[in-house]
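So the sequence shown is residues 1 to 172, counted in full-length UniProt numbering. Written below as structure tokens is the structure these notes are about.
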Amino acid sequence: MASDAGCVTSVLGRDVRHVFEGLGSMVRVGSGTGAMAKGFAGAFPGLKCVVLDLPRVVEGLEGSENLRFVGGDMFESIPHADAVFLKWVLHDWSDEDCVKILKNCKEAVSFKGGKVILVEVVVEDRGEDDQATQTQLFFDMKMMVEINGRERSEKEWAKFVHLCFVIYRADF
Ligand SMILES: C[S@@+](CC[C@H](N)C(=O)[O-])C[C@H]1O[C@@H](n2cnc3c(N)ncnc32)[C@H](O)[C@@H]1O
1 MASDAGCVTS VLGRDVRHVF EGLGSMVRVG SGTGAMAKGF AGAFPGLKCV VLDLPRVVEG
61 LEGSENLRFV GGDMFESIPH ADAVFLKWVL HDWSDEDCVK ILKNCKEAVS FKGGKVILVE
121 VVVEDRGEDD QATQTQLFFD MKMMVEINGR ERSEKEWAKF VHLCFVIYRA DF
């Protein structure tokens, strides 16, 4: 998934740049070796980025002036920051586990104006011939078979994100 980092970073930096503007610090949870976090740290030099992933994943990785790698467990705790960002992490987990992760995200940004930013597939039903729908369903099947995860519809995202947060907003 690191291969899509450049493409996703450029879309986020262009189409929803306002979401990141004004943030002083951000934790990228489950960012792997941080391909996308490196792009962000370059695109937003004033933003201090922390990549939190399992110790064995980030061991020996070198950061930069505004990028730091931290080994840890998102089910235990997430470092405090203005924002927590998760891209294609929650689709690996059951609803119950997602709620545990999101509650730790909330704890990490527990002050006025803190943000939890999610990038995930949103499954829509545009008919069986639609390529986007087919790709979404393919990913759903892959997640279910390989790791007991799943892709979710907007209604499903909204339902359990509401369990953890006061405000839910979808930007497409
Ligand atoms: C599907 S990959 C997503 C990678 C990246 N976000 C991307 O979009 O390319 C899930 C990531 O979550 C990390 N991860 C799994 N369990 C974790 C945990 N308990 N705490 C922190 N990170 C975890 C994995 O090591 C992996 O890097």
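We put the CB at the ideal spot given by N, CA and C, even for glycine.
Status (buried if at least 16 other CB within 10 Å, exposed otherwise) for phenylalanine 20: The count along the sequence shown starts at 1 and reaches residue 20 at position 20. That one is buried.
Nearest-angstrom Cα separation, counted from glycine 71 out to phenylalanine 138: In the sequence shown, residue 138 corresponds to position 138, counting from 1. In the sequence shown, residue 71 corresponds to position 71, counting from 1. Going from the Cα of phenylalanine 138 to the Cα of glycine 71 covers about 31 Å.
Proximal residues to cysteine 98 (C-beta, below 7 Å), its chain only, five neighbours per side dropped: On the sequence shown, residue 98 is found 98 positions in, with the first residue counted as 1. Non-local C-beta neighbours of cysteine 98 in its own chain, meaning closer than 7 Å and more than five positions away in sequence, comprise Leu90 and Phe160, ordered along the chain.
Alpha-carbon spacing of serine 94 relative to arginine 150, whole angstroms: For the purposes of this step, residue 94 is identified with residue 94 of the sequence shown, where counting begins at 1. For the purposes of this step, residue 150 is identified with residue 150 of the sequence shown, where counting begins at 1. Going from the Cα of serine 94 to the Cα of arginine 150 covers about 7 Å.
Bridge partner(s) assigned by DSSP for aspartate 53: The residue given as residue 53 occupies position 53 in the sequence shown. Aspartate 53 is bridged to Gly71.
Pick from Phe69, Glu107 and Leu102 that is closest to histidine 80, judged by C-alpha positions: Taking the sequence shown and counting its residues from 1, one reaches residue 80 at position 80. Answer by Cα proximity: Glu107.
Alanine 81 - containing alpha helix (DSSP H), residue span: By 1-based counting over the sequence shown, the position of residue 81 is 81. In this chain, alanine 81 is not harboured by any alpha helix (DSSP H), its DSSP state being neither H nor E.
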